[in-house]
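*Asks:* The structure that follows is given in the form of structure tokens.
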Amino acid sequence: MSVTCTQAIRGSFFDITAVVDMPTQLPEQARYIEDGLLLLNGGEIVSLQPWEEGRLQLADDVPVLDYRGKLIVPGFVDTHIHYPQTEMIGAYGEQLLEWLQQYTFPVESQYHCPQHAAKMSAFFLHQLLSNGTTTALVFGTVHPESVDALFTAADGLGMRLIAGKVMMDRNAPDYLTETPEQSYQQTRALIERWHNKGRLSYALTPRFAPTSSPELLSKVSQLKAEFPDTWMHTHLSENPQEIEWVKSLFPAHKNYLDVYDAYQLTGRRSVFAHCLHLEEEEWDCLHKTDSAVAFCPTSNLFLGSGLFDLNTCWQKGVKMGMGTDVGAGTTFSMLQTLGEAYKVGQLQRYKLAACEAFYHATLGGAHALDLDSRIGNFSPGKEADFVVLDPAVSALQQMRHANSKDIWEKLFVLMTLGDDRNIAATWVNGQCVWQTHSEVKAA
Ligand code: GUN
Ligand code: ZN
Numbered sequence: 001m002s003v004t005c006t007q008a009i010r011g012s013f014f015d016i017t018a019v020v021d022m023p024t025q026l027p028e029q030a031r032y033i034e035d036g037l038l039l040l041n042g043g044e045i046v047s048l049q050p051w052e053e054g055r056l057q058l059a060d061d062v063p064v065l066d067y068r069g070k071l072i073v074p075g076f077v078d079t080h081i082h083y084p085q086t087e088m089i090g091a092y093g094e095q096l097l098e099w100l101q102q103y104t105f106p107v108e109s110q111y112h113c114p115q116h117a118a119k120m121s122a123f124f125l126h127q128l129l130s131n132g133t134t135t136a137l138v139f140g141t142v143h144p145e146s147v148d149a150l151f152t153a154a155d156g157l158g159m160r161l162i163a164g165k166v167m168m169d170r171n172a173p174d175y176l177t178e179t180p181e182q183s184y185q186q187t188r189a190l191i192e193r194w195h196n197k198g199r200l201s202y203a204l205t206p207r208f209a210p211t212s213s214p215e216l217l218s219k220v221s222q223l224k225a226e227f228p229d230t231w232m233h234t235h236l237s238e239n240p241q242e243i244e245w246v247k248s249l250f251p252a253h254k255n256y257l258d259v260y261d262a263y264q265l266t267g268r269r270s271v272f273a274h275c276l277h278l279e280e281e282e283w284d285c286l287h288k289t290d291s292a293v294a295f296c297p298t299s300n301l302f303l304g305s306g307l308f309d310l311n312t313c314w315q316k317g318v319k320m321g322m323g324t325d326v327g328a329g330t331t332f333s334m335l336q337t338l339g340e341a342y343k344v345g346q347l348q349r350y351k352l353a354a355c356e357a358f359y360h361a362t363l364g365g366a367h368a369l370d371l372d373s374r375i376g377n378f379s380p381g382k383e384a385d386f387v388v389l390d391p392a393v394s395a396l397q398q399m400r401h402a403n404s405k406d407i408w409e410k411l412f413v414l415m416t417l418g419d420d421r422n423i424a425a426t427w428v429n430g431q432c433v434w435q436t437h438s439e440v441k442a443a
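Residue numbers (full-length UniProt numbering): 1 to 443.
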């Protein structure tokens, strides 16, 4: 008997079928179907089954795309990235605070211009999609125009995206600061314009504690109370000088996270990027409030910020997703980001297995963003966002791939040697929005 579906896709599939509490539970939730059939109804997943079973449910008039030889995984989720910093990725020589002054703030000053913001939004989303990233939590700049441009472009592509205008009122150049009242009014207007429009969501985005006065944080808190289903996105405990600075700016608070927590900015939809030098009490607060963290290995290594403690993150029961953190991060590629995460683990005697790495980049990231009921794997009813990976696109990869004994080794080599060349196609909401070449044929 045939089921209602509009498209069918044949290939090898890998996903993680459920959120877990510990990495030891991951292998039993991993699903690999070497010859599988994914049925879609518009932008929704109907089923994923072995080809021999799935084909029996196919009506004759439903087209089957043949991706055999490729590996199809859920779309990657980038839980922390700055779109305006695309222009200054790979800036030489500084650690966080000097890097912000010298490179970041000047670049961000340009986003008052709607044309510039529109051009860079299109470029940025193309970078995400050509790297297999289908959902991201994104920083704009302080200018509302930056966010209008990004949401307009993402809406046109049907992408699930969360973004927000930066809020900051001190310790930054005059051309990037605002008053708390302006910040409140502009943010409020953006929420009303964009939040829950199609697949778009709004994140309240105070840059970090040092650029936020207590009055500004009160305004963020007020917005969170008025719009409780919005997200909150900021930085936490990235660099030792930054942490000392927060202590001097907010001496009454117990620790860095306590500054945000005191303004009710922790919670299920709060995402804190970096979290490299947390005190025990801060980990406990993240857990207690069900807040999430973004692990950004290429950024943390590039700025010399420190090593994320993945083991403690699991032990403390804190939700975590991967972030590229472009432009402090040095790649849009989630594959490369996983490869660097593995090396961060190595430096701390933590073995990041491929199964765990791909979990963080897909369902785990979706869980960190409180989106796991909608994206992150091939469960029926979820939104059809996925990536078609070509595991062997260079002579070296072909040779190595031929020597890989099972799916675990193939995935591990992909995250070790892979990059944007391995992304054959990216699908968003049941539509192919990016592909290397049109070699897809009917099965
Ligand atoms: N902390 C405050 N702003 C930023 C930023 O733009 N990038 C990074 N990596 N850390 C920050
Ligand atoms: Zn950042």
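Just so you know, even glycine gets a beta-carbon here, dropped at the ideal spot from N, CA and C.
1) Determine which residues share a DSSP beta bridge with Ser270 and list them.
2) Excluding five sequence neighbours on each side, which residues of the same chain lie with their C-beta closer than 7 Å to the C-beta of Val46?
3) Beta strand (DSSP E) containing Lys410: first to last residue?
4) Can you determine whether any heavy atom of the ligand GUN sits closer than 7 Å to the C-beta of Phe208, and answer yes or no?
5) State whether the region 113-128 contacts the region 348-360, with contact taken as three or more CB pairs (one from each stretch) at a distance under 8 Å.
6) Output the boundary residues of the alpha helix (DSSP H) element that contains Leu338.
7) Would Gln7 and Gly430 be called neighbours here (beta carbons separated by less than 8 Å)?
8) What does the Cβ neighbour count give for Ser201, buried or exposed, with the cut at 16 atoms within 10 Å?
9) Tell me Phe124's beta-bridge partners as DSSP assigns them.
10) Is Leu96 a contact residue of the ligand GUN, with contact defined as CB to any heavy atom under 7 Å?
11) Specify, as a first and last residue, the run of the beta strand (DSSP E) that Lys70 falls within.
12) Is the Cβ-Cβ distance between Thr187 and Lys165 less than 8 Å?
13) Strictly by DSSP, which residues pair up with Asp78?
14) For a cutoff of 8 Å on Cβ pairs, would you count Pro27 as touching chain B?
15) In terms of alpha-carbon separation, which member of Asn300, His287, Ser333, Phe412 lies closest to Trp314?
16) For Ala424 and Leu417, what's the separation of their Cα atoms in angstroms?
17) Run the CB neighbour count on residue 457, radius 10 Å, all protein chains shown included, and call it buried at 16 or more, exposed below.
18) Cα separation between Phe124 and Thr86?
19) What is the DSSP secondary structure of Glu439, counted as helix, strand or coil?
20) Could you tell me the alpha carbon to alpha carbon distance between Trp427 and Arg160, rounded to whole angstroms?
21) Could you name each continuous alpha helix (DSSP H) segment of 4 residues or more that falls completely within the region 143-184, going from the start of the chain to the end?
22) Residues in its own chain within less than 7 Å of Ser248 by CB, not counting five upstream and five downstream?
23) Using a threshold of 7 Å, is the CB atom of His80 nearer than that to any non-hydrogen atom of the ligand ZN?
24) With respect to the beta strand (DSSP E) encompassing Tyr319, which residues constitute its N-terminal and C-terminal limits?
25) How would you label Lys224, buried or exposed, when you count the other beta carbons within 10 angstroms and need 16 or more for buried?
26) Within 10 angstroms of the Cβ of Pro391, are there 16 or more other Cβ atoms? Answer buried if so, exposed if not.
27) Check the C-beta distance from Glu281 over to Lys254 and give it rounded, since I have them as a contact under 8 Å.
28) Confirm the yes/no value for this check: CB of Ala153, any heavy atom of the ligand ZN, distance under 7 Å.
29) Considering only their Cβ atoms, is the gap separating Ala209 from Trp231 smaller than 8 Å?
30) So, at 6 Å on beta carbons, what are the nonlocal neighbours of Trp194 in its own chain, with the 5 sequence-adjacent residues on each side left out?
31) Could you check which residue in His274, Cys296, Leu414, Tyr260 has the C-alpha nearest to that of Ser394?
32) Between Gln57 and the rest of its own chain, which residues show a CB-CB distance below 6 Å, the 5 nearest in sequence each way excluded?
33) When the Cα atoms are used, what is the spatial distance from Val64 to Leu176?
34) Classify Gly304 as buried or exposed, calling it buried when 16 or more other Cβ atoms lie within 10 Å of its own Cβ.
35) Between which two residues does the beta strand (DSSP E) harbouring Asp258 extend?
36) Given this structure, state the Cα-to-Cα distance separating Leu71 from Ile9, to the nearest angstrom.
*Replies:* Checking against the coordinates, here is how it stands:
1) Counted from its first residue, the sequence shown places residue 270 at position 270. In the DSSP secondary-structure assignment, Ser270 is bridged to Met232.
2) Within the sequence shown, numbered from 1, the residue matching residue 46 stands at position 46. For Val46, where only same-chain residues beyond five positions count, the Cβ hits under 7 Å are Val3, Cys5, Leu39, Leu40, Pro380.
3) If you number the sequence shown from 1, residue 410 lands on position 410. Secondary structure note for Lys410: it is in no beta strand (DSSP E), and the uninterrupted alpha helix (DSSP H) holding it is 407-417.
4) As a first step, residue 208 is located in the sequence shown; it is residue number 208 there, counting from the start. At least one heavy atom of the ligand GUN sits closer than 7 Å to the Cβ of Phe208.
5) The region 113-128 makes no contact with the region 348-360, as fewer than three CB pairs between them are under 8 Å.
6) Working through the sequence shown from its first residue, we reach residue 338 at position 338. Segment 334-346, the alpha helix (DSSP H) holding Leu338.
7) By one-based count along the sequence shown, residue 7 stands at place 7. By one-based count along the sequence shown, residue 430 stands at place 430. Cβ distance < 8 Å, so Gln7 and Gly430 count as in contact.
8) Taking the sequence shown and counting its residues from 1, one reaches residue 201 at position 201. Taking all protein chains in view, the Cβ of Ser201 is crowded by 16 or more other Cβ atoms within 10 Å, so the residue is classified as buried.
9) Mapped onto the sequence shown, residue 124 falls at position 124. According to DSSP, Phe124 bridges with nothing at all.
10) On the sequence shown, residue 96 is found 96 positions in, with the first residue counted as 1. Indeed, a heavy atom of the ligand GUN lies less than 7 Å from the Cβ.
11) For this step, residue 70 is matched to residue 70 along the sequence shown. Counting along the chain, the beta strand (DSSP E) containing Lys70 begins and ends at 64-74.
12) Here residue 187 is taken as the residue at index 187 of the sequence shown, counted from 1. Here residue 165 is taken as the residue at index 165 of the sequence shown, counted from 1. Yes.
13) Translated into the one-based positions of the sequence shown, residue 78 becomes position 78. Ala136.
14) Reference to chain B is not applicable here, since this structure consists of a single protein chain.
15) The count along the sequence shown starts at 1 and reaches residue 314 at position 314. The option with the nearest alpha carbon to Trp314 is His287.
16) Within the sequence shown, residue 424 is the residue found at index 424, counting from 1. Within the sequence shown, residue 417 is the residue found at index 417, counting from 1. When the Cα atoms are used, Ala424 and Leu417 turn out to be separated by approximately 15 Å.
17) Since the first and last residues shown for the chain are 1 and 443, residue 457 lies out of range.
18) Start at 1 with the first residue of the sequence shown, and residue 124 comes out as number 124. Start at 1 with the first residue of the sequence shown, and residue 86 comes out as number 86. About 7 Å.
19) Walking along the sequence shown from the start, residue 439 turns up at place 439. A caution first: Glu439 carries a pLDDT of 49, below 50, which makes its placement in the model unreliable, though a value can still be read off. Correct three-state label for Glu439: coil.
20) On the sequence shown, position 427 is the one that residue 427 refers to. On the sequence shown, position 160 is the one that residue 160 refers to. Distance between Trp427 and Arg160, taken at the CA atoms: about 12 Å.
21) Entirely contained in the region 143-184, the alpha helix (DSSP H) runs reaching 4 residues are, in chain order, 144-157.
22) As a first step, residue 248 is located in the sequence shown; it is residue number 248 there, counting from the start. No residues qualify anywhere along the chain.
23) Mapped onto the sequence shown, residue 80 falls at position 80. Yes.
24) Here residue 319 refers to the residue found at position 319 of the sequence shown. Tyr is not the amino acid found at residue 319; the sequence shown has Lys there. Counting along the chain, the beta strand (DSSP E) containing Lys319 begins and ends at 319-322.
25) Along the sequence shown, read from residue 1 onward, the residue named residue 224 stands at position 224. Buried, by the Cβ-count rule.
26) For this step, residue 391 is matched to residue 391 along the sequence shown. With 16 or more other Cβ atoms inside 10 Å of its own Cβ, Pro391 counts as buried.
27) The count along the sequence shown starts at 1 and reaches residue 281 at position 281. The count along the sequence shown starts at 1 and reaches residue 254 at position 254. The distance from the Cβ of Glu281 to that of Lys254 is about 7 Å, consistent with a contact at the 8 Å cut-off.
28) In the sequence shown, residue 153 corresponds to position 153, counting from 1. For Ala153, the shortest C-beta to heavy atom distance toward the ligand ZN is 7 Å or greater.
29) The residue labelled residue 231 in the question sits at position 231 within the sequence shown. The residue labelled residue 209 in the question sits at position 209 within the sequence shown. If you check the CB distance, Trp231 and Ala209 do not come in under 8 Å.
30) As a working mapping, residue 194 is identified with position 194 in the sequence shown. Taking Trp194 as the centre and dropping the five residues before and after it, the same chain places the C-beta of Phe151, Leu200, Tyr202 closer than 6 Å to its C-beta, in chain order.
31) Numbered from 1 along the sequence shown, position 394 holds the residue referred to as residue 394. Scanning His274, Cys296, Leu414, Tyr260 for the CA closest to the CA of Ser394 turns up Leu414.
32) Taking the sequence shown and counting its residues from 1, the one referred to as residue 57 is at position 57. Cβ within range, chain order: Ser2, Val3.
33) Here residue 64 refers to the residue found at position 64 of the sequence shown. Here residue 176 refers to the residue found at position 176 of the sequence shown. In a straight line, the C-alpha of Val64 is about 51 Å away from that of Leu176.
34) On the sequence shown, residue 304 is found 304 positions in, with the first residue counted as 1. Gly304 comes out exposed.
35) Against the sequence shown, residue 258 aligns to sequence position 258. From DSSP, Asp258 is part of no beta strand (DSSP E) but of the alpha helix (DSSP H) over 256-262.
36) Stepping through the sequence shown from its first residue, residue 71 is reached at position 71. Stepping through the sequence shown from its first residue, residue 9 is reached at position 9. Whole-angstrom Cα-Cα distance: 12 Å.
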